[in-house]
Amino acid sequence: MLAVLDAFDASHRSLSLTALARRAGLPLATAHRLVASLTRWGALERDTSGAYHIGLRLWEVATLSPRGVGVREAALPFMEDLYEATHENVQLAVRDGLEVVYVELISGRSAVHVRTRVGSRWPLHATGVGLVLLAYGPPGLGERVCARPMRRFTERTIQDPARLRATLAEVRRTGIAVSDRQITMDGLSIAAPVRGPRGEVVASLSVVVPAAEGRAPGLIPAVRVAAHGISRTLAAG
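If you're matching positions, the sequence shown starts at 1 in full-length UniProt numbering and goes up one per residue.
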């Protein structure tokens, strides 16, 4: 069953049964049996076209991971405060390999549309939270990302290694990442690091606003304060 689930990634969010079998390296009959079982449990869902995608129940189980739960519980009060101050999307993410995983999201009806949801994964290079987690990641992480093709979502997505290195240096200098229209052409995210008890960066907090409104400079202090508050809570934990 794990081979079936592992067939999904950021570039393959929806798969036909045939594609699932091929990516999982399974005979079609075996894949059909496993997919049926996973669908009944809720780990997979089938859309109107017949393709499968990760189901809501699996996202719910994933949020119980100890690495995400402690940070999420510490972050929620500060995320709620940040949302009340901005009325925009507030997101919390952790790193898993070369991707970010969103562990909490607060959004409102009037907020700019985002493509993320709890449990979703996105490449490190293309999001505000990802740039923070990449900038403060272990030695060599940035070069691993630079050595691979960087997926393009919009015309503004970072794809050049030199540009990514310069961006990460700026994140480390300022403690803030601004991802301007990298995922969608109407969204801009402002992200800051969340540190654990030993000072290590364990997560990233962001707010996503309409790119055209020019609000980023005024929101940086609020994002920074909220991230520091979460860090203090974790340190006292």
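Glycine included, each C-beta is placed from N, C-alpha and C at the ideal position.
8 Å Cβ cutoff met for residue i and residue j
{"i": "ARG172", "j": "GLY142", "result": "no"}
{"i": "LEU205", "j": "ALA226", "result": "yes"}
{"i": "ALA85", "j": "ALA222", "result": "yes"}
{"i": "ALA208", "j": "GLU88", "result": "The displayed chain sequence assigns Val, not Ala, to residue 208. Yes, the Cβ-Cβ distance between VAL208 and GLU88 is below 8 Å."}
{"i": "ALA21", "j": "ALA36", "result": "no"}
{"i": "TYR52", "j": "LEU15", "result": "yes"}
{"i": "LEU168", "j": "ALA135", "result": "yes"}
{"i": "VAL202", "j": "VAL118", "result": "no"}
{"i": "ARG224", "j": "GLY187", "result": "no"}
{"i": "THR18", "j": "LEU28", "result": "yes"}
{"i": "ALA177", "j": "LEU219", "result": "no"}
Counterpart residues of residue i in DSSP-defined beta bridges
{"i": "GLU143", "result": "Beta-bridge pairing links GLU143 to no other residue."}
{"i": "TYR52", "result": "LEU15 and ARG46"}
{"i": "GLY187", "result": "PRO210"}
{"i": "TYR102", "result": "ALA93"}
{"i": "LEU205", "result": "LEU92 and ALA192"}
{"i": "ALA177", "result": "ALA191"}
{"i": "ARG121", "result": "VAL101"}
{"i": "ASP9", "result": "HIS12"}
Other residues of its chain near residue i: CB distance less than 6 Å, five sequence neighbours each side excluded
{"i": "ALA75", "result": "LEU92 and ILE230"}
{"i": "ARG95", "result": "LEU133"}
{"i": "THR116", "result": "TYR102"}
{"i": "VAL129", "result": "ALA93, VAL100, ALA191, SER204 and SER206"}
{"i": "ILE106", "result": "MET79, TYR83 and VAL90"}
{"i": "residue 295", "result": "One cannot answer for residue 295 here, as it falls past the ends of the chain, which runs 1 to 237."}
{"i": "LEU34", "result": "MET1 and VAL4"}
{"i": "SER189", "result": "GLY128, SER179, SER206 and VAL208"}
{"i": "GLY108", "result": "HIS87"}
Short CB-CB distance (under 8 Å) between residue i and chain D
{"i": "GLY140", "result": "Absent from the structure is chain D; it holds one protein chain and no more."}
Residues near residue i by beta carbon distance below 8 Å, same chain, minus five either side
{"i": "ALA126", "result": "MET150, ARG151, PHE153, THR157, ILE158, SER179, GLN182 and ILE183"}
{"i": "PRO42", "result": "The identity of residue 42 in the sequence shown is Gly, whereas the question assumes Pro. Closer than 8 Å at Cβ, skipping near neighbours: GLY55, LEU56, ARG57 and LEU58."}
Cut-off 7 Å between Cβ atoms - residues of its own chain near residue i, not counting five sequence neighbours on either side
{"i": "PRO161", "result": "CYS146"}
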